[in-house]
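Numbering (the numbering used here), first residue to last: 201 to 516.
All C-beta atoms, glycine included, are put in the ideal place defined by N, C-alpha and C.
Here's the structure we're looking at; comments come further down.
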Amino acid sequence: MNSLTKPKLCDPGVAYGVISGFPAHDTYPLEDREELDKLFREDYFAWEAMSKAAISRFKTNRSDAEAPVGPSPFSHYRVNGWWEYKGRRIVDNGFILFGSSDALDEFMKGYNRPYILKTEAQTESVSLFSDQGSEVDSVYVGDLEDSREIISRVYSFLRPGAIFGNYTVAEFAGSFSHSWIDVLGNFVRHIRQNGEVTPAWQDSIVINDERARREIKLLDHPRLKDCAMTNRPTFGSVLGLIMAGPKPPPQLIDASETCNHLRKHLRVRGTVTEIAVNRRGDVVLRFGSRQADFKAVIPASCVLSKEQEWIDSLKN
Numbered sequence: 201m202n203s204l205t206k207p208k209l210c211d212p213g214v215a216y217g218v219i220s221g222f223p224a225h226d227t228y229p230l231e232d233r234e235e236l237d238k239l240f241r242e243d244y245f246a247w248e249a250m251s252k253a254a255i256s257r258f259k260t261n262r263s264d265a266e267a268p269v270g271p272s273p274f275s276h277y278r279v280n281g282w283w284e285y286k287g288r289r290i291v292d293n294g295f296i297l298f299g300s301s302d303a304l305d306e307f308m309k310g311y312n313r314p315y316i317l318k319t320e321a322q323t324e325s326v327s328l329f330s331d332q333g334s335e336v337d338s339v340y341v342g343d344l345e346d347s348r349e350i351i352s353r354v355y356s357f358l359r360p361g362a363i364f365g366n367y368t369v370a371e372f373a374g375s376f377s378h379s380w381i382d383v384l385g386n387f388v389r390h391i392r393q394n395g396e397v398t399p400a401w402q403d404s405i406v407i408n409d410e411r412a413r414r415e416i417k418l419l420d421h422p423r424l425k426d427c428a429m430t431n432r433p434t435f436g437s438v439l440g441l442i443m444a445g446p447k448p449p450p451q452l453i454d455a456s457e458t459c460n461h462l463r464k465h466l467r468v469r470g471t472v473t474e475i476a477v478n479r480r481g482d483v484v485l486r487f488g489s490r491q492a493d494f495k496a497v498i499p500a501s502c503v504l505s506k507e508q509e510w511i512d513s514l515k516n
């Protein structure tokens, strides 16, 4: 749970709606990671489209006061969690929307999925609307006061119990900025949770390994693309640095082989047989016999060239 004020769902006169941003599917390809990730990408973009629509319609109340969320005409929270599905976790990110019940109903029924609506007059129950927004059922919440428990109960009705198991709330969050860094972090963090048995802790996720590069390539989000040439660092160039994997060390060769590798960047292994200093003050290290072509130079401008005790220790 982050530091934002928890949404207070029990206060009288407060209307709210709960809807999933991810479409529900009858099956998920748990044994095919590539297909599962592609499906997650489709669901993620559906969630993003709803998020942008919610931001434009339901402005988030960022007050840290203890007053109930929703005193302004519209406000919204994100709710992130997961479903149990065949022993795995299926990520589901949704929204808690505050405003007039008429405006909430109008917004949510535009999406082809079930949703929850609590009107200003309801006190102990909320209404569950079917995919088409026509069939209405009632969910009792009068015995609950904690927001997390209320959301866990009502959200569990948004997907068929014959296919999915329990729903778990992971966190409440504020509005989403849709900046490139938020998009990148949010996508990678949630795709890592999807289809897993146990959670992947955020501090264990790195974005310069092979899996992350594949996931970011899969995302292929417009905000991550370099749209213009500029002297300042661009999103694309920064992302390229982030995604770049660690380079392997240069090839290691023996000092006797150096004549076959002119103008190459290599590591050389050999025995220092002679140490000298030229007129400029550069330290010259000879490897092998006098007939060997390879020498190493420590420039006089380098502080190591003044470390006489260390230089002497290199002999042999």
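Whole-number beta carbon distance between residue j and residue i, since they are thought to touch under 8 Å
i	j	result
A215	K309	Between K309 and A215 the Cβ distance is about 15 Å, and since that is not below 8 Å, they are no contact.
I296	Y277	4 Å
D237	I453	Between I453 and D237 the Cβ distance is about 41 Å, and since that is not below 8 Å, they are no contact.
V341	S327	Not really, about 11 Å apart at Cβ, beyond 8 Å.
V472	L514	5 Å
P450	L462	Going by Cβ atoms, the distance from P450 to L462 rounds to 15 Å, so no, they are not a contact pair.
I316	G213	I316 to G213, Cβ: 18 Å. No contact.
E415	V388	6 Å
Through-space distance from residue j to residue i, alpha-carbon basis
i	j	result
C210	F298	13 Å
G395	R288	5 Å
V151	K417	Here the chain comprises residues numbered 201 to 516, so residue 151 is not present and cannot be evaluated.
K208	S347	6 Å
A370	N280	5 Å
K464	N293	52 Å
W380	G374	17 Å
D337	Q322	13 Å
V497	L485	6 Å
D420	R233	18 Å
T368	C502	60 Å
A412	V477	49 Å
N366	E235	24 Å
R257	P223	21 Å
I290	S377	24 Å
P229	V397	14 Å
G385	S301	33 Å
P499	E457	23 Å
D226	V339	23 Å
L344	F307	26 Å
K361	P422	The sequence given here places Gly at residue 361; Lys does not occur at that position. Using only the alpha carbons, I get a separation of about 36 Å.
G481	C459	26 Å
Proximal residues to residue i (C-beta, below 8 Å), its chain only, five neighbours per side dropped
i	result
E335	F329
E320	G213, V214, A215, S300, S301
Status (buried if at least 16 other CB within 10 Å, exposed otherwise) for residue i
i	result
N516	exposed
E242	exposed
L304	buried
R507	Before going further, note that residue 507 is Glu rather than Arg in the sequence given. Classification of E507: exposed, given that the 10 Å Cβ count is below 16.
F245	exposed
E509	exposed
Own chain residues within Cβ distance below 6 Å of residue i, not counting five before or after
i	result
L358	S220, P314
F240	I391, N394
A455	V468, G470, F487, G488, F494
D409	none
Neighbourhood of residue i by C-beta, 7 Å cutoff - its chain only, sequence neighbours within 5 removed
i	result
I511	I475, V483
F364	W283, E284, Y285
(message) For the structure I just gave you, are there three or more beta carbon pairs, one from the segment 352–359 and one from the segment 241–254, closer than 8 Å?
(response) The segment 352–359 is not in contact with the segment 241–254.
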